[in-house]
Amino acid sequence: MARKRPHHPTSLPRFPKYPLPANAPAIARNGSDVSCASHTASPLVPSEPADVTCPVGGSIRLLPSQIHSYSVAEVVTHPSFLKPVAAFIFIQVYIFLRVRKAWIGRKKKVVERRKREMMNAKLDGGKTPATVDEIGAKPEVLDFDPNFDNSFERKTSWILTVLSSLVMTVAGLVGFVGWTFYRWDMARWPIVGASRFSLWIAIYFLTYMWCDIAIGVMYYRSQITLLAGYIHHALFTYIFSFAVYHGLVACILPFCLLELPTLIMAIGQLDKRFRRDYLFGGTYFGTRVALHAALCWSMAVELDVGMTVWPLPAVVLPLHLYWFSRWVEQQKRLRAKRKRQAKEARERVMNESIERIVAQMDRMEN
Numbered sequence: 084m085a086r087k088r089p090h091h092p093t094s095l096p097r098f099p100k101y102p103l104p105a106n107a108p109a110i111a112r113n114g115s116d117v118s119c120a121s122h123t124a125s126p127l128v129p130s131e132p133a134d135v136t137c138p139v140g141g142s143i144r145l146l147p148s149q150i151h152s153y154s155v156a157e158v159v160t161h162p163s164f165l166k167p168v169a170a171f172i173f174i175q176v177y178i179f180l181r182v183r184k185a186w187i188g189r190k191k192k193v194v195e196r197r198k199r200e201m202m203n204a205k206l207d208g209g210k211t212p213a214t215v216d217e218i219g220a221k222p223e224v225l226d227f228d229p230n231f232d233n234s235f236e237r238k239t240s241w242i243l244t245v246l247s248s249l250v251m252t253v254a255g256l257v258g259f260v261g262w263t264f265y266r267w268d269m270a271r272w273p274i275v276g277a278s279r280f281s282l283w284i285a286i287y288f289l290t291y292m293w294c295d296i297a298i299g300v301m302y303y304r305s306q307i308t309l310l311a312g313y314i315h316h317a318l319f320t321y322i323f324s325f326a327v328y329h330g331l332v333a334c335i336l337p338f339c340l341l342e343l344p345t346l347i348m349a350i351g352q353l354d355k356r357f358r359r360d361y362l363f364g365g366t367y368f369g370t371r372v373a374l375h376a377a378l379c380w381s382m383a384v385e386l387d388v389g390m391t392v393w394p395l396p397a398v399v400l401p402l403h404l405y406w407f408s409r410w411v412e413q414q415k416r417l418r419a420k421r422k423r424q425a426k427e428a429r430e431r432v433m434n435e436s437i438e439r440i441v442a443q444m445d446r447m448e449n
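All residue numbers for the sequence shown refer to my numbering, where the first residue is 84 and numbers rise by one.
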């Protein structure tokens with residue numbers, strides 16, 4: 084027996100197909116005319132929803148951006164969109180440049196200290212300080228250029244990712260709590276319902292992807308790949324832009340929790356001491372595979388928005404499965420490498436022990 088789709092009176096309706104004047108009646112989900120008790124000029128999420136009464140009976144609370152139709156140009160040029168875009172871009176660029184500058188200064192101090200130690204070293208117990216040529220030090224040990232250092236590029240490429248994944252994980256926890264207890268009845272979600280919170284989170288993630296590509300081209304071009312860089316960011320730019328334009332930003336908020344494994348991986352990339360491969364793999368499967376599939380299924384079955392939106396997040400699921408399979412293969416190679424290194428270490432210790440025993444026996448015979 085087919086499961087009956089629950090009706091949520093607070094679900095988001097479909098946008099009108101054609102633009103309507105501000106004072107024109109909107110089209111309700113059932114096709115009847117409704118009237119808006121209050122109106123705002125903002126095409127994005129306002130601070131308060133509007134009371135909408137259906138002549139056929141009942142009332143629903145909708146955002147004005149969900150009642151009237153706006154063009155893309157009206158949305159992207161509106162101050163409620165431009166102001167957070169400019170603010171988030173400035174914040175991310177500022178943080179990246181400051182952190183990168185601090186890392187460069189610290190790296191140069193380490194190189195200078197290492198150079199002084201090598202210059203002051205004594206060769207063969209002599210009194211003359213050793214030169215770099217005599218020590219045979221590698222050039223990269225005594226010189227540092229951030230523009231030609233691959234390891235430094237790889238490290239700086241994770242600055243914006245750590246910041247973004249932290250923000251998105253916190254926002255995802257809020258969305259996950261709302262989805263767990265209230266499903267897609269978003270008006271009852273804590274913090275999220277009819278507020279600017281979910282809109283700002285969506286705009287922030289959009290600006291992160293733009294900054295990651297723009298800054299990456301200038302500072303860590305070698306770390307931007309076709310799949311994980313350009314294709315991934317272009318796909319998510321479209322998904323989040325679709326959500327912003329259609330007033331569905333709250334719908335994607337639970338999906339922000341999928342950035343939790345990215346946060347774990349990014350922290351491990353910045354400092355190898357905090358690298359936890361199995362923690363990353365466990366959270367990756369739990370969020371980007373299991374939770375992602377559950378949210379897509381719930382959206383397809385329970386969310387009534389008058390339009391089919393669940394394929395947008397669902398199209399990313401195969402990409403997550405592909406990356407998870409890559410991680411499993413990597414762990415298999417690392418495990419085989421560790422076993423091989425452990426075996427070689429045991430054989431080396433055994434050979435050294437045998438050599439010492441043979442040497443002792445030779446001395447005793449002599």
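Note that beta-carbon positions come from the ideal geometry of N, C-alpha and C, so glycine has one too.
Would you mind reading off the limits of the alpha helix (DSSP H) that contains Thr263? 242-265
Please state if the CB of Leu336 and the CB of Gly255 are separated by a distance shorter than 8 Å. yes
Met444 to Met433, Cα distance in whole Å? 17 Å
Residue span of the alpha helix (DSSP H) that contains Trp406, given as start and end: 400-448
In chain order, what residues of the same chain have a beta carbon less than 6 Å from the beta carbon of Ile440, not counting five sequence neighbours either side? none
Give me the residue from Ile284, Glu195, Arg196, Phe338 with the minimum Cα distance to Ala377. Phe338
Could you work out which residue in Ser234, Arg199, Ser381, Met292 is closest to Tyr303 when comparing CA atoms only? Ser234
Would you please state the rounded distance, in angstroms, between the beta carbons of Leu318 and Val399? I believe it to be under 8 Å. 7 Å
Using a 10 Å radius around the Cβ and a threshold of 16 neighbouring Cβ atoms, would you call Val392 buried or exposed? buried
Excluding the 5 residues flanking Ala326 on each side, which residues of the same chain have their C-beta closer than 7 Å to its C-beta? Ala285, Val332, Cys334, Ile335
If you count every other CB in all the chains shown that lies within 10 Å of the CB of Ser248, and 16 or more means buried, which is it? buried
Heavy atom of the ligand PLP less than 7 Å from the Cβ of His315, yes or no? Summarising the ligand content, the structure contains no ligands, and the ligand PLP is consequently not present.
With Asp360 and Gln306 assumed to form a contact (beta carbons below 8 Å), what rounded beta-carbon distance in angstroms separates them? Contact doesn't hold; Cβ gap of about 20 Å is too wide.
Since I believe Val194 is in contact with Tyr453 (beta carbons under 8 Å), could you give me their beta-carbon distance rounded to a whole number of angstroms? What the structure shows of the chain is the stretch from 84 to 449, and residue 453 is not part of that stretch, so it cannot be assessed.
Measure the alpha-carbon distance for Glu200 versus Lys192 and round it to whole angstroms. 12 Å
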